[in-house]
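> For the sequence shown, this note's numbering assigns the number 4 to the initial residue and increments by one for each residue that follows.
I'd like to ask some things about the structure below.
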Amino acid sequence: HNVTLSAVSRAPLAKLQAYKRRMGWTFPWASSHGGDFNFDFDVSFTEEQQREEGIEYNYVREAPLAEIPSRTTADGSATFAAMSGTDMATYTRERPGMSAFVIEDGVVYHAYSTYARGLDGLWGMYQWLDRAPRGRNETGVWWRRHDEYGQG
Numbered sequence: 004h005n006v007t008l009s010a011v012s013r014a015p016l017a018k019l020q021a022y023k024r025r026m027g028w029t030f031p032w033a034s035s036h037g038g039d040f041n042f043d044f045d046v047s048f049t050e051e052q053q054r055e056e057g058i059e060y061n062y063v064r065e066a067p068l069a070e071i072p073s074r075t076t077a078d079g080s081a082t083f084a085a086m087s088g089t090d091m092a093t094y095t096r097e098r099p100g101m102s103a104f105v106i107e108d109g110v111v112y113h114a115y116s117t118y119a120r121g122l123d124g125l126w127g128m129y130q131w132l133d134r135a136p137r138g139r140n141e142t143g144v145w146w147r148r149h150d151e152y153g154q155g
């Protein structure tokens with residue numbers, strides 16, 4: 004089918020490569036650090052957008068951060084922000100997304116994008132857990148990286 008998975012993240016390439024080695028991953032991983040790629044595909048946002056304009060993500064316009072109390076209180080996102088070593092506002096300026104591209108006659112075309120819960124289909128385990136009697140049965144942050152088991 005001539006299909007390739009490639010990931011793009013905003014961190015510097017050296018940091019991505021170090022994490023990739025730690026996880027034992029082999030897929031291509033590019034850095035958009037200092038570029039507009041993630042902004043162009045509506046998965047990264049500026050502080051000004053977040054605070055004053057609001058964010059359009061997953062085809063929905065969110066109100067500016069100052070108007071959304073749940074974005075500034077401790078909830079699931081705050082836990083993930085702390086695990087990532089950042090604050091809530093910074094954490095919510097980076098969102099997940101997946102896009103597909105096709106090359107025809109040397110021209111790259113954007114063919115598809117999905118965000119938020121549209122990504123669940125890519126997590127193979129969720130497809131099985133969603134069909135189990137108790138579903139995902141999640142209480143808090145339940146996953147760990149492969150080298151974190153045995154800690155705590």
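Heads up, the beta-carbon is just placed ideally off N, CA and C, and yes, glycines get one too.
In this text, all values refer to a predicted model and were calculated from it rather than measured experimentally.
Evaluate the contact criterion for the segment 87-94 versus the segment 28-40: three or more CB pairs, one atom per stretch, below 8 angstroms.
No, the segment 87-94 does not touch the segment 28-40.
> Run the CB neighbour count on G27, radius 10 Å, all protein chains shown included, and call it buried at 16 or more, exposed below.
Taking the sequence shown and counting its residues from 1, one reaches residue 27 at position 24. G27 is exposed by the Cβ-count criterion.
> Provide the residue span of the beta strand (DSSP E) that contains R24, from first to last.
Position 21 of the sequence shown, counting from 1, holds the residue named residue 24. R24 -> not in any beta strand (DSSP E); alpha helix (DSSP H) instead, spanning L16 to M26.
> Taking 9 angstroms as the cut-off, decide whether the C-beta atoms of R64 and N41 are in contact.
On the sequence shown, position 61 is the one that residue 64 refers to. On the sequence shown, position 38 is the one that residue 41 refers to. No, they are not a contact pair.
> Just to check my reading of the structure: G100 and Y118 have Cβ atoms closer than 8 angstroms, yes? What is that Cβ distance to the nearest angstrom?
By 1-based counting over the sequence shown, the position of residue 100 is 97. By 1-based counting over the sequence shown, the position of residue 118 is 115. Between Y118 and G100 the Cβ distance is about 5 angstroms, and since that is below 8 angstroms, they are a contact.
> Note the first and the last residue of the continuous alpha helix (DSSP H) segment covering W131.
Locating residue 131 in the sequence shown gives position 128, where the first residue counts as 1. Looking at the DSSP string, the run of the alpha helix (DSSP H) that includes W131 is G127 to L132.
> Where T82 and Y115 are concerned, what is the direct C-alpha to C-alpha distance, given to the nearest angstrom?
As a working mapping, residue 82 is identified with position 79 in the sequence shown. As a working mapping, residue 115 is identified with position 112 in the sequence shown. C-alpha separation (whole angstroms): 30 angstroms.
> Mind reading off the beta-carbon distance from D39 to E59? Whole number of angstroms is fine, and I expect it under 8 angstroms.
Numbered from 1 along the sequence shown, position 36 holds the residue referred to as residue 39. Numbered from 1 along the sequence shown, position 56 holds the residue referred to as residue 59. About 16 angstroms; that fails the 8 angstroms criterion.
> Assign P72 to one of three DSSP states: helix, strand, or coil.
Residue mapping note: residue 72 aligns to position 69 of the sequence shown, counting from 1. Note that P72 scores a pLDDT of 48, beneath 50, so its modelled location is shaky and nothing firm can be said.
> Suppose contacts are defined by Cβ-Cβ distances below 9 angstroms. Is S47 in contact with E97 by that definition?
Here residue 47 refers to the residue found at position 44 of the sequence shown. Here residue 97 refers to the residue found at position 94 of the sequence shown. Yes, the Cβ-Cβ distance between S47 and E97 is below 9 angstroms.
> Going by C-alpha to C-alpha distance, which of L8, M128 and L19 sits closest to E141?
Taking the sequence shown and counting its residues from 1, one reaches residue 141 at position 138. Nearest C-alpha to E141: M128.
> Assign Q130 to one of two classes, buried (16 or more other C-beta atoms within 10 Å of its C-beta) or exposed (fewer than that).
Taking the first residue of the sequence shown as 1, we reach residue 130 at position 127. Exposed, by the Cβ-count rule.
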